[in-house]
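Enquirer: Just so you know, the sequences run in chain order B and G.
Taken in order, the first sequence gives residues 826 to 937; the numbers are from my numbering.
Taken in order, the second sequence gives residues 143 to 256; the numbers are from my numbering.
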Amino acid sequence: QKEVEQDPGPLSVPEGAIVSLNCTYSNSAFQYFMWYRQYSRKGPELLMYTYSSGNKEDGRFTAQVDKSSKYISLFIRDSQPSDSATYLCAMSEDQGAQKLVFGQGTRLTINP
Amino acid sequence: DSGVTQTPKHLITATGQRVTLRCSPRSGDLSVYWYQQSLDQGLQFLIQYYNGEERAKGNILERFSAQQFPDLHSELNLSSLELGDSALYFCASSGRPSSGNTIYFGEGSWLTVV
Chain B
826 QKEVEQDPGP LSVPEGAIVS LNCTYSNSAF QYFMWYRQYS RKGPELLMYT YSSGNKEDGR
886 FTAQVDKSSK YISLFIRDSQ PSDSATYLCA MSEDQGAQKL VFGQGTRLTI NP
Chain G
143 DSGVTQTPKH LITATGQRVT LRCSPRSGDL SVYWYQQSLD QGLQFLIQYY NGEERAKGNI
203 LERFSAQQFP DLHSELNLSS LELGDSALYF CASSGRPSSG NTIYFGEGSW LTVV
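(1) Run through DSSP, which three-state label would LEU181 (chain G) get?
(2) Looking only at its own chain, which residues have a Cβ that is under 7 angstroms from the Cβ of LEU871 (chain B), when we skip the five neighbours before and after it?
(3) Tell me the rounded alpha-carbon separation between GLY841 (chain B) and ILE935 (chain B).
(4) Once you ignore the five residues that flank TRP252 (chain G) on each side, which residues in its own chain have a CB closer than 6 angstroms to its CB?
(5) Identify which residue in B:ASP919, B:GLN929, B:GLY930, B:LEU933 has its Cα closest to the Cα of SER853 (chain B).
(6) Spatial neighbours of LYS924 (chain B) within its chain, please: CB distance less than 8 angstroms, with the 5 preceding and 5 following residues excluded, ordered by chain position.
(7) DSSP on PRO839 (chain B), reduced to helix/strand/coil?
(8) So what does DSSP say about GLY226 (chain G), is it helix, strand or coil?
(9) Is it the case that the Cβ atoms of SER898 (chain B) and SER837 (chain B) are separated by a distance below 8 angstroms?
(10) Which of helix, strand or coil does DSSP assign to SER898 (chain B)?
(11) Quick check on this structure: which residue in G:VAL146, G:THR149, G:PRO150, G:THR155 has the alpha carbon closest to the alpha carbon of GLU224 (chain G)?
(12) How about ALA910 (chain B) and LEU933 (chain B): are their beta carbons less than 8 angstroms apart?
(13) Are the CB atoms of LEU220 (chain G) and VAL161 (chain G) nearer to each other than 8 angstroms?
(14) Taking Cβ positions only, does GLU249 (chain G) come closer than 8 angstroms to chain B?
(15) For SER851 (chain B), name the three-state secondary structure that DSSP assigns.
(16) Below 9 angstroms on C-beta distance, what does PRO835 (chain B) contact in chain G?
(17) Candidates B:GLN863, B:VAL890, B:ARG866, B:ARG885: which alpha carbon is nearest TYR874 (chain B)'s?
(18) Between THR931 (chain B) and GLY868 (chain B), is the Cβ-Cβ spacing less than 8 angstroms?
Quick look at the structure:
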C-alpha cells in the first residue's frame, strides 16, 4: 500500500463547475500538506500549502486537511479551461527535511 | 519561471551508459532536491542536499549519485543505465528551513534509455 493514495482520474468537468480532488494517506506523522499543479511536460508548481488540520483559501482554491481521517482535499471553484492540468497532493513529516511524498496525481480537464 | 534551471532538457542514451544531469537552484536557495517522475511510480524523492551536505535520502538507487558544489549547483549522476531508468528527472530548490516548505521545481530533464 502506498503512503499516499490519489485517484489518477482522468476527471473531466464543464467550465464553471466546482472540482473536488482528494488524497488519503497512511502515515500519521505527516504534518505539512501541499497541492501542486503540473502542466504537461512542465515542473510541478505549488498551489496550496497547509500545516496540520484545517482549511485554507486562496482565490478560487480551497485546501482542506482532516488529520483524524487522514484525508485532504482541494476544491476549485468556477473552474476555467486554464485549470486543466495534473494535480498532485504532497505531504511531509518534517519542515526541515522537506522530503515530500507525492500522490500519483489526478489529471483534470475543464471543457469550455 | 521557477528560477530553477536544469540541463539538458532532453537526453537519449543507450543501456549501460552514464549520464550527468545538472541543476542550478534559485538564487539564494541552499537546498537542492532531486525527484524522479515515471508513469508507474509517480513523482519520487531521490535525495536532498543542503549547502553542500547530504540532508536526506529517498529511493535513490546505488547506481545513482548526486553532489552539490560550493556554488550550490548540483549534479545527478546516473550510471549503468537500464530501460527502466527512463523518466523525467526534476531538480527543486528551497531556502532556509525557517522560510517554510515552499519547494520550487525546475522544468525537468527527460531521459530516455534505449
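Glycine included, C-beta positions come from ideal geometry on N, C-alpha and C.
Expert: On the basis of the supplied data:
(1) coil
(2) MET859, TYR861
(3) 8 angstroms
(4) HIS152, LEU230
(5) B:ASP919
(6) SER917, GLU918
(7) strand
(8) helix
(9) no
(10) strand
(11) G:THR155
(12) yes
(13) yes
(14) yes
(15) coil
(16) Residues of chain G passing the Cβ test: none, with the nearest at roughly 14 angstroms.
(17) B:VAL890
(18) no
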